[in-house]
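S.K.: The structure's right below; bear with me while I get my questions together.
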Amino acid sequence: MISFQQVINFREILLCSTLSERAVKIEFQQYPGPHLQTMLKLLQLIQTGCKIDVNTKGIIYIPGIITNQDGMLQTYNCGVERSISYYLEILLILSLFGKAPLNIELNGITNDQTDQSVDSIINAYIPLIKKFCPEWDVSLKVTRRGFLAGTGTIILHSKPIKQIQATTIIERGPICKIRGVCSGSKVAPNLLNRVVSQCRNVFNDYIPDVWIHTDLQKSQKGIEFQNGYAVSLIAESTNGLFISCDCEYSNDLNNPEKVGETAALRLLDEIKNCGCFDTTQQQFALLMMAISQRKVSQIKLGRISTHTIETLRIIRSIFGVTFNIEDSVFSCIGCGLMNLSRQTQ
Amino acid sequence: MSDSEEEQVKQAPIIKPHQKQQKDFYAEQLQANEEAESQAPLLVVVQGPKGSGKTTLIKSLVKHYTGQKIKKLVGPVTVRSNKQHRVTFIECPSDINAMSDLSKVADLALILIDASIGFEMETFEYLSLLNNHGFPNVMGVLTHIDFFKDNKQLRKTRKKYKKRFEYETGGNYKLFYLQALKNEYYLKQDIHNLARFISIIKIAPVRWKTEHPFILADRYEQGKDNTTTFYGYVRGCTYRLNDRIHFVGQGDYYIESFEEVLDPVEIITTQKKHRSLKDTEKLVYAPMSSVGALTIDATAGYITIPQPIFTEKNKFVNNEEQDDEDIEEQEQEQELPEGVRMVRELQQLTEGIDKQLEEEEDAQLLEGFELEEDQPIKKKNNLQQIQQQRELVRLKNRVNIKIENGTVMPISDTLLATDLHELIYQNKNGINEFDSVRYIPKVQDRDSYREIKELFVTGFYGQNDVVDLENLEKQIEVEEQEQEQEEEQEKKDNNQKDDNQKQKENQQERQQLVNELTNSNLGLYKKGIYVKIVIKDFSSSIKDDYPMILARSEVGEDNLGFIKIRIKKHRWHSNILKSNDPIIISLGWRRFQTIPIYCVQDPNDRLRFIKYTPEYDYCYAIFYGNFAPQGTGLVCTQSLSNKLSKFRIAATGVVLEMNHQFDVMKKLKLVGEPFKVIKNTAFIKGMFNSSLEVAKFQGGLIKTVSGLRGHIKKPSKLGPDGSFRATFEDKIQMSDLVFCRTWVRMHIERFYRLITSNVKLMKTMWELRQEKQIPLEFKPESTYQDQERVPVKFAPLRIPNNLQQNLPFESKEKVKSLSFRERLRQQVEKNLPVKSNMTDKEKEVYSLIQRLNTIKNEKEKKREEKDIHKQKIKEAQFKGQKQHLEEGKRKYKQQKQKDKFIKQVKKQQQQQ
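Sequence lines, in order, name chains R and F.
If you count the first sequence from 1, position 52 lands on 52 in the UniProt record's numbering, and the numbers rise without skipping.
If you count the second sequence from 1, position 432 lands on 432 in the UniProt record's numbering, and the numbers rise without skipping.
Pasting the structure below:
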């Protein structure tokens with residue numbers, strides 16, 4: 001059993017532990033909150049033989065095998081503490097190593113200020129994983145938007161794979177497209193158009209190929225929507241890499257023009273400072289490298305987030321993979337993780 | 001067309017999907033192997049039954065390669081076969097454990113067959129072990145050929161054995177013939193041929209080994225503080241340092257230290273004109289067997305024995321020429337290389353080396369090797385140099401790194417590896433503050449991003465833009481020109497560089513990357529590196545002649561859970577296997593005893609329990625054991641005894657799936673009988689014991705023997721407890737039995753016992769019965785018995801009058817059935833005397849005939865009686881004769897016995 005002290009990001013530890021099927025003991029710096037239970041219940045839902053002992057000070061987690069309830073459609077409520085993408089980020093990686101395809105409907109928040117939006121997951125996070133496993137069959141659809149009150153719904157279908165491939169991604173290439181989704185609920189339709197036009201205004205200096213969709217949540221009977229709007233922007237490079245950034249309506253950013261401009265500038269900042277993957281997504285790329293087949297993988301990154309550093313430490317203590325870092329190129333030999341729960345005939 | 005197509009289909013060899021996978025895998029691996037710069041020594045396992053000449057073969061091969069004679073062979077022997085190539089020989093004991101372990105690690109298996117005996121059980125066992133643990137290269141060696149004096153017979157047997165060997169291995173594997181012994185070694189020419197084949201062989205990659213690094217320990221040392229040190233080459237694939245190691249056949253242990261040490265049999269990299277090895281370069285490394293009398297030092301003990309140089313200096317000197325020789329010797333000694341001189345000094349030692357070393361602070365021994373063998377020291381220096389260089393780089397490039405806003409931002413554009421590396425892996429303080437991966441960039445002015453305009457594709461890109469037609473045409477022209485130019489350039493490039501060259505360059509680049517990673521102290525050890533492993537608290541005892549295999553415990557593979565395998569009883573094993581009977585399984589690196597249950601898969605994917613494995617077919621087995629990747633082969637045995645009374649391999653299989661629970665079902669038929677039937681409803685008792693049980697089965701499907709289907713409705717208060725009301729599709733008979741078909745989940749035992757040197761095994765049912773003299777259980781109910789069937793008497797069919805009148809003519813009774821009164825009248829009428837219409841004359845004739853018949857009948861009666869009487873007399877006579885004869889015989893026998901007795905008595909009297 002591997003023990004961790006003073007833990008804040010328990011999620012990565014649980015993810016690595018489940019992948020490697022090694023038991024872990026976690027001691028919190030402080031109790032994370034009710035989303036811990038939501039997370040653990042979700043993990044229990046998709047596994048068999050998983051044992052969890054939890055209290056306010058820590059967790060003892062013995063992972064089982066990811067069966068995904070034999071591919072049956074599950075419905076799970078993610079609550080309002082954290083957004084859906086908080087759970088999706090690890091659920092997508094876990095679903096790669098399952099026995100049956102994962103079919104799940106998640107209810108909760110689709111866009112909020114603490115986590116990346118579901119649109120960024122669809123447009124940047126899934127392509128990132130696909131870079132490492134091209135044969136992966138996945139579909140993720142947003143059926144309903146939800147701001148803060150947690151009325152959103154997404155449906156995920158994901159098929160398991162055999163093994164992750166070693167990949168070398170060093171050149172990003174120039175940015176050739178900018179896409180985006182501007183979503184809102186219970187606001188005037190005009191508002192979203194104003195956000196989009198302000199984004200365009202910023203990008204006009206750089207590139208003409210800008211296309212931002214608007215997605216306004218229509219009112220439905222029996223559901224009370226919270227009002228809000230957000231924009232998620234994706235920059236695509238010629239080498240097929242995606243850089244994402246999000247911006248939401250908040251107290252500081254209280255008019256559509258401000259939201260639009262901030263979003264566009266944040267994307268420019270990311271393009272300027274990040275390498276092949278954006279700062280939010282980078283640690284997942286590193287994790288995929290660490291669990292890939294026994295060959296050399298390389299990626300080039302720009303600035304490193306503190307969260308990534310913690311993740312790298314977790315990767316080392318669970319998988320034993322240490323990265324070699326030279327000129328912001330991260331390289332390693334994967335640990336050759338196999339999908340042990342896969343069914344064969 | 002269709003016919004020819006069909007023929008083609010018939011002729012085409014059936015390639016199973018896993019075979020194709022394996023083929024692809026081979027192609028991939030062969031390419032990968034060529035990339036790999038360094039190779040571990042070729043591991044040659046020499047296997048054969050007792051007395052087939054394994055030790056002699058290894059000794060002969062070692063003598064061929066190095067000119068050295070091994071006195072006593074223990075453990076692996078590594079020799080340098082040429083400058084780039086090393087070979088390790090290991091002898092395989094005929095123990096089933098050692099055989100299965102060595103079949104997992106072998107690169108090449110030399111299978112020895114005693115020609116005077118023929119194929120023996122061990123050979124077949126070993127071949128099927130190899131088959132299931134991934135088939136490496138195999139070479140057959142036929143020994144004891146001198147047994148055949150007749151040339152023709154020899155030729156015939158050779159042919160026969162060759163055919164059989166090819167059949168068993170299923171490929172074009174060579175069978176060598178070793179002629180007679182000469183001075184306890186095989187003939188030079190034979191060994192030369194064999195050695196040549198060994199050194200040019202291309203290793204068939206085995207999937208298990210390419211994913212699981214291991215170390216076959218050359219030697220071990222047991223230290224004072226409960227530590228044990230093992231030395232050996234890293235084999236299989238790149239070893240990633242881990243905290244635990246699995247000692248095959250002993251258990252898991254924590255690693256105290258793991259480090260690279262000097263390679264005893266180094267690859268010679270210096271390029272020289274001569275391809276063959278010099279005498280000094282010929283090496284044998286066999287630390288556990290007795291080759292010469294050289295010592296082993298703390299870090300890198302090995303033996304270099306160019307034979308003539310190391311002889312004791314006074315050995316060949318005759319007394320007469322002593323003086324002259326002495327002078328010459330002294331002169332020579334000065335010219336001799338320092339290593340040799342030192343060895344000679346060592347030979348003359350009277351004190352122990354330990355004491356000498358204690359006196360001298362610097363170990364002189366190491367320096368001694370420096371002159372003779374440059375490489376090891378160089379390598380050690382290299383390691384140190386790399387470390388020093390790394391530190392230097394760190395010091396030079398130390399740049400401050402800001403930790404700000406949740407990110408680490410380097411000040412300079414190029415981010416410095418060393419510092420970031422240090423920050424990530426050496427600092428242990430948590431620097432993260434919030435559990436979210438999302439990074440929100442701090443936005444600056446809009447104008448400050450102008451500089452990144454070059455990061456965009458500006459101008460013509462994408463099809464959404466509206467472009468003027470004229471511009472478009474021009475642009476297309478320009479593009480075409482560019483394309484032409486590019487094509488021309490490509491052609492030029494192609495001429496300059498061949499594809500092969502490009503590939504080579506690519507390979508070199510990749511190799512460089514791997515080298516960089518392995519050299520940068522990230523805990524990676526390449527294949528072929530000689531390492532030293534220290535294990536603490538190694539409790540179990542080591543047998544020297546058993547292979548010591550230390551395997552890395554892989555992620556996820558040291559977990560326990562249920563494994564589903566496809567299994568087939570081995571066709572040579574004498575009996576079928578029973579569910580819930582313990583069995584020993586060799587899977588992955590581990591061997592363990594476990595309790596499997598066998599099952600088959602029904603068409604609706606249900607796993608149905610079966611009591612025994614089928615005799616000639618595949619079935620599934622589920623047991624509790626160590627996880628191993630899907631597709632890993634496994635071998636089952638029932639005992640570990642080395643008595644070769646029967647074929648020891650009980651079954652073979654392949655891992656299919658792993659899970660923490662499996663639903664294996666067993667059919668259970670509940671039987672009840674009706675006690676009241678009202679039309680389609682029936683009340684049934686005896687199926688359940690309480691109304692609670694009934695409640696659980698409400699709505700369940702039931703069936704009578706004759707096939708009437710129905711449902712369980714509700715528990716009823718009539719009848720005994722547990723009876724219920726049921727409805728059927730038709731009225732059932734009171735005599736019918738009612739079935740409810742159910743499935744019960746089988747319990748799979750969580751029993752797992754790793755096979756170590758001193759393990760106590762669980763006994764099988766058969767062994768227990770033998771030991772405690774318990775006979776097989778006999779259930780009289782289960783045997784087949786003759787059934788007495790009473791023919792059923794059916795009441796006549798009666799149709800009510802009312803109904804009959806309304807029936808259509810077709811269904812009406814055509815012959816009128818009579819009522820009771822009518823039938824009675826008919827009977828009375830039948831019995832009434834019939835009035836005769838005969839005339840008087842006719843009456844007379846009739847009476848006469850009657851009388852004549854009476855007389856005739858009387859006569860025949862008398863004759864019959866007479867016949868019976870006669871027959872009785874005959875039988876009595878026959879019986880009497882028989883009795884008489886038997887009496888005579890009996891008397892004769894009695895007489896004979898009497899005579900015998902009298903004779904004996906007389907004899908005894910005479911003796912007395």
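C-beta: ideal position from N, C-alpha, C; glycine also.
1) For the stretch 227 to 257 of chain F, list every residue whose C-beta sits within 9 Å of some C-beta in chain R, in sequence order.
2) Assign residue 60(F) to one of two classes, buried (16 or more other C-beta atoms within 10 Å of its C-beta) or exposed (fewer than that).
3) Whose C-beta lies closer than 7 Å to the C-beta of residue 97(R) among residues of the same chain, with five residues either side of it excluded?
4) Mapping the DSSP letters down to three states, classify residue 103(F) as helix, strand or coil.
5) To which residues of the same chain is residue 302(R) closer than 7 Å at the C-beta, ignoring the five residues directly before and after it?
6) Cutting at 7 Å between CB atoms, please list the residues of its own chain near residue 528(F), excluding the five before and the five after it.
7) Using DSSP's beta-bridge definition, name the partner residues of residue 100(R).
8) Indicate whether residue 26(R) and residue 46(R) have their beta-carbon atoms separated by less than 8 Å.
9) Let me know the alpha helix (DSSP H) ranges lying completely inside the stretch 267 to 316 of chain R, each 4 residues or longer, listed in chain order.
10) Just mark residue 884(F) as buried or exposed, buried being the case when its beta carbon has 16 or more other beta carbons within 10 Å.
11) Residue 655(F) and residue 631(F) look like a contact to me (Cβ under 8 Å); what is the Cβ gap, rounded to whole Å?
12) Kindly indicate which three-state DSSP category residue 195(R) falls into: helix, strand or coil?
13) For residue 161(R), decide whether its Cβ has a neighbour in chain F, counting only Cβ atoms nearer than 8 Å.
14) Smallest Cα separation from residue 680(F): which of 659(F), 665(F), 713(F), 52(F)?
15) Kindly indicate if chain R contains any beta-carbon less than 8 Å away from that of residue 458(F).
16) Spatial neighbours of residue 63(R) within its chain, please: C-beta separation below 6 Å, excluding the five flanking residues on both sides.
17) Helix, strand or coil for residue 259(R), going by three-state DSSP, please let me know.
18) Chain F partners of residue 150(R), CB-CB under 7 Å?
19) Which class does residue 65(R) belong to by DSSP, given the choice of helix, strand or coil?
20) Just to confirm my understanding: we take residue 268(F), look at its own chain, exclude 5 residues before and 5 after, and list those with CB closer than 7 Å. What are they?
21) Can you have a look at residue 690(F) and say buried or exposed, based on whether 16 or more other CB atoms are within 10 angstroms of its CB?
22) Under 8 Å Cβ to Cβ from residue 793(F), same chain only, skipping five residues before and after it: list those, please.
23) Quick one: residues in its chain with C-beta nearer than 7 Å to the C-beta of residue 312(R), no 5 flanking neighbours on either side, listed in chain order?
24) Give the C-beta separation of residue 950(F) and residue 241(F) to the nearest angstrom, bearing in mind that I take them to be a contact with Cβ-Cβ under 8 Å.
25) Against residue 119(R), what residues of chain F qualify as contacts under a CB-to-CB distance less than 8 Å, listed in chain order?
26) Using DSSP bridges, identify the partner residues of residue 252(F).
27) When you compare the CB of residue 44(R) with every CB in chain F, is at least one pair closer than 8 Å?
28) Between 674(F), 757(F), 803(F), which lies nearest to residue 734(F) when the distance is taken from Cα to Cα?
29) Identify whether residue 120(F) lies in helix, strand or coil by the three-state DSSP scheme.
30) Look up residue 618(F) in the DSSP assignment and say whether it is helix, strand or coil.
31) So what does DSSP say about residue 53(R), is it helix, strand or coil?
32) Using a Cβ-Cβ cut-off of 6 Å (strictly less than) and excluding sequence neighbours within five positions of residue 706(F), which residues of its own chain qualify?
33) Give the DSSP-derived three-state secondary structure of residue 264(R) in the structure shown.
34) With a cut-off of 8 Å, does the C-beta of residue 338(R) fall near any C-beta of chain F?
35) Just to confirm, are residue 259(F) and residue 227(F) a CB contact at a threshold of 8 Å?
36) Unbroken beta strand (DSSP E) runs of length 3 or more, entirely within the stretch 153 to 234 of chain R: which are they?
M.R.: Quick look at the numbers:
1) 237, 238, 240, 241, 242, 243
2) buried
3) 19, 66, 160, 339, 341
4) helix
5) 273, 274, 275, 328
6) 38, 39, 40, 233, 234
7) Per DSSP, none; premise fails for residue 100(R).
8) no
9) 282 to 290
10) exposed
11) 7 Å
12) helix
13) no
14) 713(F)
15) yes
16) 17, 18, 21, 50
17) helix
18) Those within 7 Å of residue 150(R) in chain F number zero; the least Cβ separation is about 17 Å.
19) strand
20) 83, 281
21) exposed
22) none
23) 286, 323
24) As shown, chain F starts at 1 and ends at 912. That puts residue 950(F) outside it, with no answer to give.
25) Correct list: empty, because the minimum Cβ distance to chain F is about 13 Å.
26) 246(F)
27) no
28) 674(F)
29) coil
30) strand
31) strand
32) none
33) helix
34) yes
35) no
36) 175 to 185, 210 to 217
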